[in-house]
Structures are given as C-alpha cells and as structure tokens.
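Residue numbers (this note's numbering): 328 to 478.
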Amino acid sequence: MNKIKLIILNIIFILFLNFYFYCYNNNINVFLYFDNNYNFRHQGNKGSKVIQPVLGRVGPTGGNITVSNLNSFNIPELSINFQSLQYRKHTFQCFDQIQLTNTSIECSIPKGFGTYIVIVKDDKIKSDPFFWSYKLGQISKKNLYYKNHQN
328 MNKIKLIILN IIFILFLNFY FYCYNNNINV FLYFDNNYNF RHQGNKGSKV
378 IQPVLGRVGP TGGNITVSNL NSFNIPELSI NFQSLQYRKH TFQCFDQIQL
428 TNTSIECSIP KGFGTYIVIV KDDKIKSDPF FWSYKLGQIS KKNLYYKNHQ
478 N
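Set out below in structure tokens:
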C-alpha cells in the first residue's frame, strides 16, 4: 500500500511540474508564475534593476541553448549554474559559451532530465534564481508495446 501511495504522489508531482512549465513557457499567469523579463533586485544602489536572463530549452540528449536578456551582465565573466531540484548535489554549468550579440550567448548543456534552479552571475551581478527544465523526451510506441506484452 505504501508503494502505491508513493507512486501516486510521484505522478501528482510530475503532473504539477508539467502544468507549471506549460503555463510558464506559454506566459500564462498562474499562482507560481515567475516573470523572467523584469525582476527588481536590491544590488548596490536601492532600486537598481537587473533584467532576468531567458534560457532556451533542450531535450534529454543535451545540446546548445540560447541565453538572452543579458543586458545587465558582463558577458566575458558570465557563469550559468544549474542545481537539480530532485538531487541537490547534481549541479552543472553551461559550457562552450559563444557570444552571439551584446545581450545573448549560446552555450552547451549536458544530457540529462528534470527541473533545475538556475543562477546567472558575472563578476559583479547575480540574477534571481529561476526554474529551468529539460524538454520531455519522446517515448516510442514500440517500446511501450514491448514492455506491456513482455509477460
């Protein structure tokens, strides 16, 4: 019975995250909406405004993403840190950064899955933490059929 409760809780949690990121990615304002365009911070002078960066997404196989809205950051000193929500010790950084414009870069993300807390920082400024997740992978119908009819 405890296993069933745990499975149900996991399914509810996954559904909640999918709903949240659907709303987040489609700019639907819900109870946990985080505005990635303009968040006010109290860094240095009171009321100074740091524009929150916007990160693209990538599938579970990893790849390149574009990071934009870097107006407030010194791009050569930029560091983008990811920390897993599920496994707190799992962290990584965006690597192989290539500057595209004065306010955007492209960088590589390793393969993985799940939801992460992201902090973008340079030598003087640090963004507010925000959520990022890998795109969900595709499940093959053939694999589902094989698993269901294996018994």
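Just so it is clear, CB atoms sit at the ideal spot from N, CA and C, and this is done for glycine as well.
Keep in mind it's a predicted model, so treat the numbers as computed, not measured.
Out of the options, which has the shortest C-alpha to C-alpha gap to residue i?
i: Lys-448; options: Asn-398, Gly-439, Gly-383; result: Asn-398
i: Val-394; options: Val-445, Phe-440, Gly-439; result: Val-445
i: Ile-436; options: Lys-451, Ile-425, Asn-391; result: Asn-391
i: Gly-323; options: Val-385, Lys-330, Val-381; result: The structure shown does not extend to residue 323, since the chain spans only 328 to 478, so no value can be given for it.
i: Asn-337; options: Gln-413, Pro-380, Phe-419; result: Gln-413
i: Lys-453; options: Phe-340, Ile-339, Ser-406, His-417; result: Ser-406
i: Asp-455; options: Phe-340, Ile-378, Asn-329; result: Ile-378
i: Asp-450; options: Pro-403, Ile-339, Arg-415; result: Pro-403
Report, in whole angstroms, the separation of the C-beta atoms of residue i and residue j, which I expect to be a contact under 8 Å.
i: Tyr-443; j: Pro-387; result: Not quite, the Cβ-Cβ distance comes to about 13 Å (not below 8 Å), so this is no contact.
i: Thr-428; j: Asn-396; result: Not really, about 11 Å apart at Cβ, beyond 8 Å.
i: Asn-408; j: Gln-424; result: At roughly 13 Å, the Cβ-Cβ gap does not stay under 8 Å, so Asn-408 and Gln-424 are not in contact.
i: Lys-438; j: Gly-383; result: With a Cβ gap of about 16 Å, Lys-438 and Gly-383 do not count as contacting.
i: Gln-426; j: Thr-418; result: Their Cβ separation, rounded to whole angstroms, is 24 Å, which puts Gln-426 and Thr-418 out of contact at 8 Å.
Would you say residue i touches the ligand ADP, meaning its beta carbon is less than 8 Å from a heavy atom?
i: Phe-340; result: Ligands in the displayed structure: none, and consequently the ligand ADP is not present.
Does residue i pass the burial test, meaning 16 or more other C-beta atoms within 10 Å, or should it be called exposed?
i: Pro-380; result: buried
i: Phe-457; result: buried
i: Ile-331; result: exposed
i: Phe-400; result: buried
i: Gly-374; result: Confidence in Gly-374 is poor, its pLDDT being 42 and thus under 50, which makes the residue's placement unreliable; the coordinate value appears in the next sentence. Classification of Gly-374: exposed, given that the 10 Å Cβ count is below 16.
i: Ile-335; result: exposed
i: Ile-432; result: buried
i: Asn-372; result: With a pLDDT of 34 at Asn-372, under the threshold of 50, the modelled position of this residue cannot be trusted; read the value that follows with caution. By the neighbour-count rule (16 or more Cβ atoms within 10 Å), Asn-372 is not buried but exposed.
Would you mind listing the alpha helix (DSSP H) stretches within the segment 405–430 that are 4+ residues and don't spill past its ends, in chain order? none
Counting only runs that start and end within the segment 373–404, where is the beta strand (DSSP E) found for 3 or more residues in a row? 390–395
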